[in-house]
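Each remark here refers to the structure printed beneath this line.
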Amino acid sequence: MMDNVDTGIGRVKENLSLSLSRIRRWPEFGVILAFSTIFMVFSLLAPKFVTLRNLTGVFTIVSELGIITIGVAFLMIAGEFDLSVSSVYALSGFLFVTLANSFNSLLALIITLVAAACIGFLNGTITLRAGIPSFITTLGTMMFLRGIMLAVTGGRSVVYNGDLIVPTMLTRFIGRGFRPSHIWFLALALFFSLILTRTRYGNWVFATGGKKEVARAMGVNVNRVKVVNFMISSVMAGLAGCIVINRFGVANASFGMGMELEAIASAVIGGTFLMGGYGTIIGAFFGAFLMGMMRTGLVMVGAPAYWYQAFVGAILVIAATINIKLRRLEM
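What follows is the structure, given as structure tokens:
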């Protein structure tokens with residue numbers, strides 16, 4: 020009797036180990052399966068969920084979150100975190116509106132993205148030079164930037180009164196509910212996926228996040244790779260911030276609160292290891308879609324807004340548990 024029980028437990032453990040191994044080899048599989056399942060559930064519970072108008076609306080939300088997620092995932096694969104993306108997102112929108120109301124919006128966009136890159140550079144430099152965990156560095160940056168914005172604006176919104184160059188490039192409808200931001204998201208996902216999987220720099224990113232000392236021994240400038248990825252993360256957040264204010268026509272210091280956790284959850288759902296060294300941009304892409312679909316779907320079925328926050332929290336805990344199991348399989 021006991022032998023049968025032990026055999027059954029052994030088989031369960033073996034099956035679990037095999038399942039985790041498959042997830043490790045194909046990290047996109049789990050998120051695509053979850054995405055398909057949740058999509059079908061919401062389609063049954065809310066018939067209007069599958070209308071073109073709603074799906075393009077979901078795509079709009081996903082595009083803004085997804086652009087941030089791409090940068091966050093790229094940095095996480097290199098073994099670092101960026102919690103400041105939500106504040107960079109809000110600050111970039113505020114800075115863009117302020118500049119674009121005074122002169123050319125395209126120049127304002129360029130200056131804004133350069134400013135975002137500088138924030139990323141500072142995050143990376145402080146983290147690596149001072150030896151502070153990036154979690155702490157970027158948490159401090161997040162709170163500092165948000166506090167400065169609230170102090171300067173007093174919580175008031177700033178209305179966009181600039182030209183139509185950048186709004187047309189980023190958010191104006193291009194037919195049947197589709198926006199340029201959808202194309203930007205798809206293009207950036209493809210671009211960074213190719214960098215990660217087809218270039219030497221992509222190999223450096225994986226090596227930096229996986230086995231730092233081995234990467235150094237191979238001649239990889241680990242610190243430079245990390246700083247560049249911090250800059251990429253901030254620039255992507257800055258671009259998403261510019262997109263959202265061009266969609267709404269106003270900037271506010273409260274924009275993006277909590278978005279850093281959504282982006283991290285999206286990346287981790289898509290198979291990015293919390294400790295670095297593993298992940299895919301395609302997985303992060305579908306992770307962002309899953310998060311955006313959940314946010315919209317819960318509203319359409321009449322669920323209270325706080326259920327989405329509960330979902331994000333649960334996803335982070337579950338994903339972290341799977342991450343640890345996968346790490347143990349590697350050892």
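Be aware that the sequence shown starts at 20, since it is given in my numbering, and climbs by one per residue. Yeah, the Cβ is synthetic: ideal placement off N, Cα and C, and Gly gets one too.
Excluding five sequence positions before and after isoleucine 214, the CB atoms of its chain that fall closer than 7 Å to its own CB belong to Tyr220, Gly221, given in chain order. Remark: C-beta atoms of methionine 313 and phenylalanine 330 approach each other more closely than 7 Å.
Around the CB of glutamate 232, fewer than 16 other CB atoms lie within 10 Å, so the residue is classed as exposed.
Close CB contacts of glutamate 83 within its chain, under the 6 Å cut and outside five residues either way in sequence, are with Ala259, Ile262, Val263 (chain order).
Here the C-alpha atom of asparagine 265 lies approximately 45 Å from the C-alpha atom of methionine 237. DSSP lists Val177 as the beta-bridge partner residues of alanine 270. By the C-beta density criterion, asparagine 142 is buried, having at least 16 other C-beta atoms within 10 angstroms.
Rounded to the nearest whole angstrom, the CA to CA distance from tryptophan 326 to phenylalanine 93 is 28 Å. Sorting Lys67, Lys230, Phe304 by C-alpha distance to the C-alpha of leucine 205 places Phe304 at the top. Serine 111 is positioned such that its CB atom lies closer than 7 Å to that of alanine 135.
An exposed status is given to threonine 340, since fewer than 16 other beta-carbon atoms sit within 10 Å of its beta-carbon. Ranked by Cα distance from methionine 278, the options Gly296, Asp182, Gly332 are led by Gly332. Only exposed fits proline 152, as fewer than 16 other CB atoms lie within 10 angstroms of its CB. Counting every other CB atom within 10 Å of its CB across the protein chains shown gives proline 66 a total below 16, marking it as exposed. The alpha carbon of alanine 272 has as its nearest neighbour, out of Asn73, Phe115, Gly181, the alpha carbon of Phe115. Between threonine 227 and valine 246, the CB-CB gap reaches or exceeds 7 Å.
Close CB contacts of leucine 71 within its chain, under the 8 Å cut and outside five residues either way in sequence, are with Arg195, Gly196 (chain order). C-alpha of phenylalanine 308 to C-alpha of alanine 53: approximately 11 Å in a straight line.
Shown here, isoleucine 193 sits in coil according to DSSP, grouped into three states, outside any helix or strand.
In the three-state reduction of the DSSP assignment, glycine 150 falls in the coil class, being assigned neither a helical nor a strand state. The alpha carbon of glycine 296 has as its nearest neighbour, out of Ile51, Thr144, Val244, Leu335, the alpha carbon of Val244.
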